[in-house]
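Participant: Top line first, the protein sequences correspond to chains A and B. The first sequence lines up with residues 0 to 211 when you count with numbering that gives the first Met the number 0. The second sequence lines up with residues 0 to 210 when you count with numbering that gives the first Met the number 0.
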Amino acid sequence: MGRVLLACAAVTCLLVLIATAPDTRPVASASPQVVHRPVVQDGPGLRALQAKYKTLSKQLSQLKPSQPYILVDTARNRLYVKHQGEVVLDAIASTGSGTILDKPGDDSSQWIFDTPRGEFLVQSKLTKPTWIKPDWAFVEEGLGVPKNAAERAEPGVLGDYALGFGKGYFIHGTLYTRLLGKNVTHGCIRLNDTDLKGVYTLARVGTPIMIF
Amino acid sequence: MNCAILLLIALTTPSWGKDLEAFPNLNLNDPHSVKEATRVLEEELKLAARPHTYVLIDLARNTIHIKGRGVELHHMPIVQWSVGSWEKLTGIHRLVARPQVVRRKIEPGKGDEQEPISLTDMPADYDLSFASGLTINVVPLAEKGNLAQGIAFMGKAWWRRLKNWTSTIGTDQPSTSAAQLEITVSVDHAQSLAWSLVDGMAVLIRRSADH
């Protein structure tokens, strides 16, 4: 009986402790904040601050791309071409699956099929591209990696155009249009034929690609 | 002739418009707000000069922005936030620990049978640790009508606060001095943020006007 009472008392103490744990940190909700503060008269200090703020804002604005750029949202599988804040092209894409594949003969090494994040540039524009299958494409299919380079060439699977943005990553077409909108690729960005042609037309070598 | 030149200059020179302002709703008559905006801009200019994406947590506007080159790539609203110490939020914070993502392994020869990861695989309740010592607790807002989820999220938040409080017992450090920011966002946005973060990513925090 005494133990039960002791246990009850301990639980009660713990609950009281949790409920009264002080959380004196500043807290804000997303509702509009009204901060009551005396209106500061325009003075030299404030004017200098305003001027600095405007200068810095202008400098930041100047870093923004002045030419059209490609924006890729890998979470929602969307590709946009934007120019001066306006969406010029809006396409459903497929991006990296995030899956992993062990490298044969190397227990500590594996391929990770993510679309890289950050800023890249269009480095090449190709028409009628041929896919040169990398090692992982054979390993994934359970096949041996061919020694003859000619066995790696697979024409007709990347669509009519491809835009390379480094390290073997491309924006290209697909035969699997039913998978657009899903994370299914090995890191490349797939589009349907119409959108691919639009991106190919709007982008040039040097066009920024921002991927997040 | 002079008029034509002046007109040409007027048309080609960008005027100081709202589109040039980094923080459009900034109260330019409040020196504290302008000073904070200026501090953040100075830091952001360093990040925007490099080809990497970064995060701006704007406590004045209750929003999280994913940015690159000063361009907003994506944003998400913050439902509420609380902060341990205002002073420790300044500077550029480099992410050293982000939520674990469980990746599926491809079994060779099995083709399309392996499911890719998606946003719903991302965690919604997690902590982010930064090289500066800052910790950001991302707390999901329970969906309306989901009582079990609400109790679970509330329980975790209480537990976290209790741990923080007990860690300060017996020290001179008040519980309010922790380099800690807690942000509550919807489950979708918490998962979206987890997806967008990469190792070493830079995070900037703009403090609200009452800091």
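By construction, the Cβ of each residue, glycine as well, lies at the ideal position given by its N, Cα and C atoms.
For the beta strand (DSSP E) containing residue 232(B), list its first residue and its last residue.
Facilitator: Residue numbering for chain B in the displayed model covers 0 to 210; residue 232(B) lies beyond these limits and cannot be assessed.
Participant: Which whole-angstrom value is the C-beta distance of residue 180(B) and residue 133(B), which I expect to be below 8 Å?
Facilitator: Correct: roughly 7 Å between the Cβ atoms.
Participant: Using a cut-off of 7 Å between C-beta atoms, extract the partners of residue 50(B) located in chain A.
Facilitator: Correct list: 117 and 118.
Participant: According to DSSP, is residue 175(A) helix, strand or coil?
Facilitator: Three-state result, residue 175(A): coil.
Participant: Specify whether the region 139-154 of chain A and the region 17-34 of chain B touch according to this definition: at least 3 beta carbon pairs, one from each stretch, less than 8 Å apart.
Facilitator: Segments in contact, no.
Participant: Can you pull out the residues from the region 62-86 of chain B whose beta carbon lies closer than 7 Å to at least one beta carbon of chain A?
Facilitator: Within the region 62-86 of chain B, the qualifying residues are 65, 67, 68, 69, 70, 72, 73, 76, 77, 78, 79, 80, 81, 82 and 83.
Participant: Extract the residue ranges of the beta strand (DSSP E) inside the region 118-173 of chain A, only unbroken runs of 3 or more that lie entirely within it.
Facilitator: Fully enclosed beta strand (DSSP E) runs of 3 or longer: 123-126, 129-131, 152-154, 160-163 and 169-171.
Participant: So which residues of chain B does residue 98(A) contact, with C-beta pairs closer than 8 Å?
Facilitator: Here the neighbours are 102, 103, 104, 105, 113, 115 and 116.
Participant: Along chain B, in chain order, which residues have C-beta atoms closer than 9 Å to that of residue 64(A)?
Facilitator: Simply 68 and 70.
Participant: Which of helix, strand or coil does DSSP assign to residue 37(A)?
Facilitator: With a pLDDT of only 44 at residue 37(A), under 50, the local geometry of the prediction cannot be trusted, and the value read off the model is given with reservation. The answer is coil: DSSP assigns residue 37(A) none of H, G, I, E or B.
Participant: Quick check on the burial criterion: 16 or more other C-beta atoms within 10 angstroms. Buried or exposed for residue 106(B)?
Facilitator: Exposed, by the Cβ-count rule.
Participant: Distance check for residue 139(A) and residue 20(A), CA to CA, integer angstroms please.
Facilitator: Only weak support exists for where residue 20(A) lies, its pLDDT of 49 falling under 50; the value from the coordinates is given anyway. Cα to Cα, the separation comes out at about 54 Å.
Participant: List in chain order: all unbroken beta strand (DSSP E) runs of 3+ residues lying wholly within the region 12-95 of chain B.
Facilitator: Counting only runs of 3 or more, we get 53-57, 62-67, 70-76 and 79-82.
Participant: On a Cα-Cα basis, can you pick out the residue from 173(A), 175(A), 181(A) and 167(A) that is closest to residue 120(A)?
Facilitator: Considering only alpha carbons, the answer is 167(A).
Participant: Could you please tell me which residues of the region 29-51 of chain B, in chain order, have their CB closer than 7 Å to any CB of chain A?
Facilitator: Taking 7 Å as the Cβ-Cβ cut-off against chain A, the residues of the region 29-51 of chain B that qualify are 29, 30, 33, 34, 36, 37, 40, 41, 43, 44, 47, 48, 50 and 51.
Participant: Do you know whose CA, among 112(A), 205(A), 191(A) and 193(A), lies nearest residue 163(A)'s CA?
Facilitator: Of the candidates 112(A), 205(A), 191(A) and 193(A), the one whose C-alpha sits nearest the C-alpha of residue 163(A) is 205(A).
Participant: Pick helix, strand or coil for residue 209(A), following the three-state DSSP scheme.
Facilitator: In this structure, residue 209(A) counts as strand in the three-state DSSP scheme.
Participant: Considering only residues of the same chain and omitting the five flanking positions on each side of residue 36(A), which have a CB-CB separation below 7 Å?
Facilitator: Note that residue 36(A) has pLDDT 48, beneath the 50 cutoff, so the model's placement of it is unreliable and no number is given.
Participant: How would you label residue 15(B), buried or exposed, when you count the other beta carbons within 10 angstroms and need 16 or more for buried?
Facilitator: Confidence at residue 15(B) is low in this model, with a pLDDT of 43, below 50, so its placement is unreliable and no value can be given for it.
Participant: Under 7 Å, do residue 42(B) and residue 91(B) count as touching if we go by C-beta distance?
Facilitator: For residue 42(B) and residue 91(B), yes; Cβs fall inside 7 Å.
Participant: Would you tell me roughly how many angstroms separate the C-alpha atoms of residue 54(B) and residue 144(A), rounded to the nearest one?
Facilitator: Their backbone Cα atoms lie some 41 Å apart in a straight line.
Participant: Are residue 157(A) and residue 93(A) close, meaning C-beta to C-beta below 7 Å?
Facilitator: Their beta carbons are not under 7 Å apart, which means residue 157(A) does not touch residue 93(A) by this criterion.
Participant: Does residue 19(B) have its Cβ less than 7 Å from a Cβ in chain A?
Facilitator: Output row for residue 19(B): interface = yes.
Participant: Determine whether the Cβ of residue 138(B) lies closer than 7 Å to any Cβ atom of chain C.
Facilitator: You won't find chain C in this structure, because its protein chains are A and B.
Participant: Is it true that the CB of residue 70(B) sits closer than 7 Å to the CB of residue 53(A)?
Facilitator: Going by C-beta atoms, residue 53(A) is not nearer than 7 Å to residue 70(B).
Participant: Go ahead and label residue 127(A) buried or exposed: buried means 16 or more other beta carbons lie within 10 angstroms of its beta carbon, across all protein chains shown.
Facilitator: The residue in question, residue 127(A), is exposed, as its Cβ has fewer than 16 Cβ neighbours within 10 Å.
Participant: Would you check if there are 3 or more beta carbon pairs closer than 8 Å linking the region 195-208 of chain B to the region 87-101 of chain B?
Facilitator: With the cut-off at 8 Å, the region 195-208 of chain B and the region 87-101 of chain B touch.
Participant: Looking at C-alpha atoms only, which residue of 118(A), 65(A), 45(A) and 160(A) is the closest neighbour of residue 52(B)?
Facilitator: The residue with the shortest Cα to Cα distance from residue 52(B) is 118(A).
Participant: What in chain A is Cβ-close to residue 195(B), meaning under 8 Å?
Facilitator: Here the neighbours are 74, 116 and 211.
Participant: Figure out for me which residue from 56(A), 69(A), 129(A) and 105(A) has the closest Cα to the Cα of residue 202(A).
Facilitator: Closest option to residue 202(A), Cα to Cα, is 69(A).
Participant: If you follow the alpha helix (DSSP H) that residue 56(A) is in, where does it begin and where does it stop?
Facilitator: Its alpha helix (DSSP H) spans residues 43-62.
Participant: Could you please tell me which residues of the region 45-56 of chain A, in chain order, have their CB closer than 7 Å to any CB of chain B?
Facilitator: For the region 45-56 of chain A, which is checked against every Cβ of chain B, the residues closer than 7 Å are 45, 48, 49, 51, 52, 53, 55 and 56.
Participant: Under 7 Å, CB to CB, which of the residues in the region 118-142 of chain A have a partner in chain B?
Facilitator: Result list: 118, 138, 139, 140 and 141.
Participant: Opposite residue 82(A) in the DSSP bridges: which residues?
Facilitator: Paired residue(s): 85(A).
Participant: By DSSP, does residue 72(A) sit in helix, in strand, or in coil?
Facilitator: Of the three classes helix, strand and coil, the one that applies to residue 72(A) here is strand, per DSSP.
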